[in-house]
Amino acid sequence: MNDVRTLMAAALAALGLGPAAAAQSDYPNKPITIVSSFAAGGNADINARLNAEALSAELGVPVKVVNKPGGAHIPAAVSVLEAPADGYTLFQWSPPSFMVVPLTRKVPYDPVEDFIPLFADQTASNALYVRADSPYKTFEAFVDVAKKTKPTIGVNNLGAPPNLSAVQLANEFGLAFKTLALKTVPATMTGLMGGQVDVAVGQTASKRQFGDRVRALIILDNNRLPYFAEHLPGVRTVGEAFPGKQAGTWIYGGLAVKAGTPSEIVEKLEAASHKAINNDGYWSRVPPTITSTWLDSDGVKASLRSGRALYSPILEGLGLLHKE
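Counted from 1, the sequence shown has number 122 at position 123 by numbering that gives the first Met the number 0; the numbering is strictly sequential.
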């Protein structure tokens, strides 16, 4: 009898009808967890909870957010990889966890090999801002003065994308900045308005938050993206104003699962995410400093490759690039 059962189980497995296949076909049938490497309360946490709420409504099961901040985003990523590859533990990936940290130190994971990105649903390209009453009316005027002085520039954190954009800008135009790190993008913009810095790197959507108190000189991106017209109409990108100059950014974020998750489950999550997130009701609730975008898994992987090519030489120039 045992031999018959063994043969039957083998036959069902060969047909894809065993217990594992059954578990995939009725996915999801229990709560899902999104692991965030950010503390509660910030923009990233708000975005994670909006994703959780939208996915829960679409999938019909509870989706909760677990915050695991600290440790350069590494503990949160590792905790996802320690969980089963069954689609019930998702990772809120971000520029630090998937781009900056793996480039600046040895980490116990590979963002490309160890994770399957489901999507990118947010971006936040940067712009160079001055106060509304600044004497710098154009980016060219600012460059002329900055070449003779050493203006103070505000960024959120050293080594973060705004700081890397500032370094790249300085390299391209022969400038030297005194850099002041102010912890968050809103704090950076507040520091600009308070006179702590001469210029600041904020997100393109920061204009929505700070209105007429600030003015953007130029968008720190090589290419024009559709949403720039909404936030900074009439403001040029570096690539438009100075063909051949480089001042791109890599600031995406989304959800991922552990590599090895069955393709059927990945496809269900991708489809549910696309339907849940790509609607006006979702984006009307997203913080104003986050801008909507959508990249599928292949798009995320392509952006990771381009981001590594963009930031590696900048980090190497700063002495921050990790080398085996």
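Backbone N, C-alpha and C fix where the C-beta goes; we use that ideal spot for every residue, glycine too.
These numbers were taken from a predicted model, which means no experiment stands behind them.
Residue ranges of uninterrupted alpha helix (DSSP H) with 4 or more members, entirely inside the segment 181-215 and ordered along the chain, are 184-192 and 205-209.
Counting only residues of its own chain and dropping the five nearest sequence neighbours on each side, R307 has a CB closer than 8 Å to the CB of M98 and L102. By the Cβ neighbour-count rule, K29 is exposed, with fewer than 16 other Cβ atoms within 10 Å of its own. DSSP, reduced to helix, strand and coil, places Y108 outside both helices and strands of the structure shown, so it counts as coil. DSSP places R235 in the coil class of the three-state scheme, outside both helix and strand. V144 sits in a helix when the DSSP states are folded into three classes. With contacts defined as CB atoms closer than 8 Å, K149 and F176 qualify as a contacting pair. W92: not part of any alpha helix (DSSP H); member of the beta strand (DSSP E) spanning T88 to W92, first to last residue. I276 sits in a helix when the DSSP states are folded into three classes.
Of the candidates I276, S262, F90 and G193, F90 places its Cα closest to the Cα of I73.
From the listed residues E139, T260, A47 and I313, the smallest Cα separation to E81 is found for T260. Sequence-distant Cβ neighbours of L163 in its own chain, meaning closer than 6 Å and more than five residues away, are Y310 and I313. S35: member of the beta strand (DSSP E) spanning I31 to S35, first to last residue.
The segment 253-269 and the segment 217-237 do not touch, with fewer than three beta-carbon pairs separated by less than 8 Å. Apart from sequence neighbours up to five positions away, the residues of its chain that approach P116 with a beta-carbon distance below 6 Å are A255, S296 and V299, ordered along the chain. For G306, the enclosing alpha helix (DSSP H) stretches over residues S296 to G316. Fully enclosed beta strand (DSSP E) runs of no fewer than 3 residues occupy 114-122 and 125-130 of the segment 108-137, in order along the chain.
V34 and Q245 have their C-alpha atoms some 34 Å from each other. DSSP places A255 inside the beta strand (DSSP E), whose first and last residues are Y251 to K257. K63 is bridged by DSSP to T32.
The beta-carbon distance between K63 and A75, rounded to whole angstroms, is 15 Å. This is too long to meet the 8 Å contact definition. Secondary structure of K177 (DSSP, three-state): strand.
Selection G158, L319 and A258 evaluated against V79 yields A258 as nearest (Cα-Cα). Contact check for I250 against T122 passes: the beta carbons are separated by less than 8 Å. Using a 10 angstroms sphere on the CB of N278, the tally of other CB atoms stays under 16, which defines it as exposed. DSSP places T103 in the helix class (H, G or I) of the three-state scheme.
Our two residues, A43 and K136, have alpha carbons roughly 33 Å apart in a direct line.
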